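Notes follow the structure.
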Amino acid sequence: MTDASAPTHPAQALSAIRAAAQRLEPHIVRTPTVISHSLGAVVGRRVHLKLETLQRTGSFKVRGALNRVLTLSDAERARGIVAASAGNHAQGVALAGALTGCRAVIVMPKDTPVVKVDRTRSHGAEVVLAGVNYEEAYATARTLCDEQGLVMVHPFDDLEVIHGQGTIGLEILADLPDVDTIVVPTGGGGMVAGIALAVKALKPSVRIVGVQAEGANPMTRSFAAGEPVEVERPTTIADGIRVGRVGLNTWPLVRDLVDDMVSVSESEITEAIVRGIEEVKVVTEGAGAAGVAALLAGRIGAGDVVCSLMCGGNIDLNLIARVIERGLTKAGRYHAMRLRTRDVPGRLRAMAEVLAEHGANIVDISHFRAGWRIPVGSVEIEVLIETRGAGEGRAIELELTERGFEPLVTGT
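Note that the sequence shown covers residues 1 to 412 in UniProt numbering.
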């Protein structure tokens, strides 16, 4: 169950979304919509990006959370608010509490990274660590509602949260009146439902396309089936859109207003994160890159003027390093090899000379002499190299083979 009333028609919701925009205007960032010539050249369209990565707390989530809190009565606000989240919604609700002078309690799973807990506490929220996943944390939050009279701020399945997220749609149309397709990363559906309500009321011809990760795509499956479908164990690098079920309020809105729902793979998401850093000069989390991933994968369909929403930029620094490595590997710019050669002085130098001739850089290297599978008189070398481009790794392999190095395991 949620605290929201029944979903509304776009024409009816428009006034509520405009009111939300007025409420939020003093408190949030009016994020830019920028053109990306590099992405446009790749996909053959005019591509614009709505940079909610620059929003307060680094995510769009504060829009819905703050709108929900601002629409509470004084008596409700005095009771305090509670939310369950391990990420962006936690910080959005925490900031909403700070801006309104309202007590905010955030329930986070026990294994939530310390940096996310600290960021949430930095806004003045009380953090309760409970459960091993979102569902268990949410159950604890519901218990706190009952025991302490706190008001729940749901991450997506609440009409005022949906209206708050819908303000993004107003801004996109104001910045880009000729847009014909809007691409929206989608978890439980609050943002895509809100944007669809706003945009379909003002310009019904605009296509709204929601994007989910393949391992956490209940909305995409529900859209195809015509009825709610659950994903039992949602898994994805894009934790901002990792959900297992659709919302009671968001599902009918998505079903009736969104034009298409598509899914992208983990490798496509990582490639989009890397492209965002390299070509767009924007650091985005997995969820924020999902729309660009769908564009690059050719899953968006028709549309000459496309706006893709980069909905958040809160990515763990350790994860960035792994994502960049995977992205470069997929693009053929990282190449891994395990080689066997004679155990004599100068073999490492000989290998390094080949790499230098091809302009390759050694990222990581390990040298093995002992081991049951290594013949006496031989050594094995594991090396990860950065090449000048796709296909260069294979050329290096061939030359190393000619110089007495036997490839055992290779690949990008």
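Glycine residues also receive a C-beta, built at the ideal position from the N, C-alpha and C atoms. Because the structure is a prediction, the values reported are computed rather than measured.
_Burial state of ASN318 (16 or more Cβ within 10 Å)_ = Against the sequence shown, residue 318 aligns to sequence position 318. Per the 10 Å Cβ criterion, exposed.
If contacts are defined as beta-carbon pairs under 8 Å, then THR250 and ILE162 qualify, I think. What distance do you get, rounded to the angstrom? Taking the first residue of the sequence shown as 1, we reach residue 250 at position 250. Taking the first residue of the sequence shown as 1, we reach residue 162 at position 162. That belief holds up - the Cβ atoms of THR250 and ILE162 are roughly 7 Å apart, short of 8 Å.
| query | What did DSSP end up calling PRO375 once you bin it into helix, strand or coil? | reply | Indexing the sequence shown from 1 puts residue 375 at position 375. The answer is coil: DSSP assigns PRO375 none of H, G, I, E or B.
Practice task
Could you pull out every residue in the same chain whose Cβ sits closer than 7 Å to the Cβ of ASP343, ignoring the five residues on either side in sequence?
Solution key: As a working note, residue 343 is residue 343 in the sequence shown. Closer than 7 Å at Cβ, skipping near neighbours: ARG369, GLY377, SER378, VAL379.
Leaving out the 5 sequence neighbours to the left and right, which residues in its chain are closer than 6 Å to GLY215 when beta-carbon positions are compared?
The residue you call residue 215 lines up with position 215 of the sequence shown. So the list reads THR235, THR236, once near-sequence residues are dropped.
- Since HIS367 is in the alpha helix (DSSP H), which residue starts that stretch and which ends it? For the purposes of this step, residue 367 is taken as residue 367 along the sequence shown, with counting starting at 1. Here HIS367 belongs to no alpha helix (DSSP H); instead the beta strand (DSSP E) covers 361-368.
Continuous alpha helix (DSSP H) stretch holding CYS102: start and end
For the purposes of this step, residue 102 is identified with residue 102 of the sequence shown, where counting begins at 1. Careful: CYS102 lies outside any alpha helix (DSSP H) and carries neither H nor E.
| task | Have a look at GLU232 and PRO218 and give me their C-alpha separation to the nearest angstrom. | result | The residue you call residue 232 lines up with position 232 of the sequence shown. The residue you call residue 218 lines up with position 218 of the sequence shown. Going from the Cα of GLU232 to the Cα of PRO218 covers about 9 Å.
Original post:
Which residues mark the beginning and the end of the beta strand (DSSP E) in which ILE81 is found?
Top reply: By one-based count along the sequence shown, residue 81 stands at place 81. Run containing ILE81: 81-84, per the beta strand (DSSP E) assignment.
key: Rounded separation between VAL30 and SER366 - CA only   = Looking up residue 30 in the sequence shown gives position 30. Looking up residue 366 in the sequence shown gives position 366. For the sequence presented, residue 30 should be read as Arg rather than Val. Cα-Cα distance, rounded: 50 Å.
For the beta strand (DSSP E) holding GLU126, just list the boundary residues, first then last. The residue given as residue 126 occupies position 126 in the sequence shown. From DSSP, the beta strand (DSSP E) with GLU126 extends over 126-129.
>> Only counting the same chain, and skipping five residues up and downstream in sequence, which positions put a Cβ closer than 8 Å to that of ILE106?
In response: The residue labelled residue 106 in the question sits at position 106 within the sequence shown. Within the same chain, ILE106 has close Cβ partners VAL82, ALA83, ALA84, SER85, ALA90, VAL93, ALA94, THR120, ALA125, GLU126, VAL127, VAL128.
Residues of its chain near ILE208, where Cβ-Cβ distance is below 6 Å and the 5 sequence neighbours each way are ignored: Taking the first residue of the sequence shown as 1, we reach residue 208 at position 208. Taken in chain order, the residues that qualify are ILE182, ALA196, VAL258, ASP259.
**Q.** In chain order, each beta strand (DSSP E) run of at least 3 residues that lies wholly inside the segment 304-330
**A.** 305-310
Item to check | Within 8 Å, strictly: CB atoms of VAL262 and THR220 | outcome: Residue mapping note: residue 262 aligns to position 262 of the sequence shown, counting from 1. Residue mapping note: residue 220 aligns to position 220 of the sequence shown, counting from 1. Result yes, Cβ atoms of VAL262 and THR220 sit closer than 8 Å.
*Touch check for the segment 309-324 and the segment 274-283: three-plus C-beta pairs under 8 Å?*
yes
Q | Helix, strand or coil at GLN55 according to DSSP, with G and I counted as helix | A | Here the question's residue 55 lines up with position 55 in the sequence shown. If DSSP states are grouped into helix, strand and coil, GLN55 belongs with coil.
Give, in chain order, every unbroken run of the beta strand (DSSP E) that is at least 3 residues long and sits entirely within the segment 239-300. 260-264
query = Enumerated in chain order, which unbroken segments of the alpha helix (DSSP H) with a length of 4 residues or greater are wholly contained in the segment 172-248?
reply = 190-202, 218-225
Quick test of your reading: LEU66 and LEU14, contact by CB under 8 Å. State the CB separation rounded to the nearest angstrom.
Mapped onto the sequence shown, residue 66 falls at position 66. Mapped onto the sequence shown, residue 14 falls at position 14. Contact flag wrong, Cβ pair sits at about 19 Å.
query = Nearest-angstrom Cα distance between GLY301 and THR53?
reply = Taking the first residue of the sequence shown as position 1, residue 301 is located at position 301. Taking the first residue of the sequence shown as position 1, residue 53 is located at position 53. The straight-line gap from Cα to Cα measures roughly 25 Å.
Name the two residues that bound the continuous beta strand (DSSP E) containing VAL34. For this step, residue 34 is matched to residue 34 along the sequence shown. 33-35 is the span of the beta strand (DSSP E), which, as asked, contains VAL34.
| message | With three or more C-beta pairs closer than 8 Å as the rule, is the segment 319-337 touching the segment 380-398? | response | yes
- Query: When the Cα of LEU384 is compared with those of GLU406, ILE241, VAL274, LEU328, which residue comes out closest?
  - Reply: Translated into the one-based positions of the sequence shown, residue 384 becomes position 384. It is LEU328 whose Cα lies nearest to the Cα of LEU384.
Does the segment 344-351 come close enough to the segment 286-298 to have 3 or more Cβ pairs within less than 8 Å?
-> no
Beta-carbon proximity list for LEU398, same chain, < 7 Å, skipping 5 on both sides: Within the sequence shown, the letter at position 398 stands for residue 398. None.
- What are the boundary residues of the beta strand (DSSP E) that ARG403 is part of? What you label residue 403 is simply residue 403 of the sequence shown in a count that begins at 1. Here ARG403 belongs to no beta strand (DSSP E), and DSSP marks it neither H nor E.
Ends of the beta strand (DSSP E) at THR387? The sequence position of residue 387 within the sequence shown is 387, counting from 1. That residue, THR387, is in no beta strand (DSSP E); it is neither H nor E in DSSP.
Are there 16 or more other CB atoms within 10 angstroms of the CB of GLU406, so buried, or fewer, so exposed? Along the sequence shown, one-based indexing puts residue 406 at 406. GLU406 comes out exposed.
* Could you spell out the range, first to last residue, of the alpha helix (DSSP H) harbouring ALA11? => By 1-based counting over the sequence shown, the position of residue 11 is 11. Segment 10-24, the alpha helix (DSSP H) holding ALA11.
### Query
For GLY164 versus GLY64, is the C-beta spacing smaller than 8 Å?
Start at 1 with the first residue of the sequence shown, and residue 164 comes out as number 164. Start at 1 with the first residue of the sequence shown, and residue 64 comes out as number 64. Cβ distance < 8 Å, so GLY164 and GLY64 count as in contact.
Query raised in the report: Which of the three DSSP states, helix, strand or coil, is assigned to THR143?
Result: Counting from 1 along the sequence shown, the entry for residue 143 is found at position 143. In the structure shown, THR143 sits in a helix (DSSP, three-state: H, G or I).
Alpha-carbon to alpha-carbon, GLY187 and VAL243: As a first step, residue 243 must be located in the sequence shown, where it is residue number 243. As a first step, residue 187 must be located in the sequence shown, where it is residue number 187. In a straight line, the C-alpha of VAL243 is about 6 Å away from that of GLY187.
According to the neighbour-count rule (16 or more other Cβ atoms, all chains shown, within 10 Å of its Cβ), is GLY276 buried or exposed? Position 276 of the sequence shown, counting from 1, holds the residue named residue 276. Result: buried.
Cross-strand partners of GLU136 (DSSP beta bridge) = If you number the sequence shown from 1, residue 136 lands on position 136. None; GLU136 has no bridge partner.
Could you tell me whether the Cβ atoms of residue 436 and THR33 are closer together than 8 Å? Outside the displayed range of the chain (1 to 412) lies residue 436, so it cannot be described from this structure.
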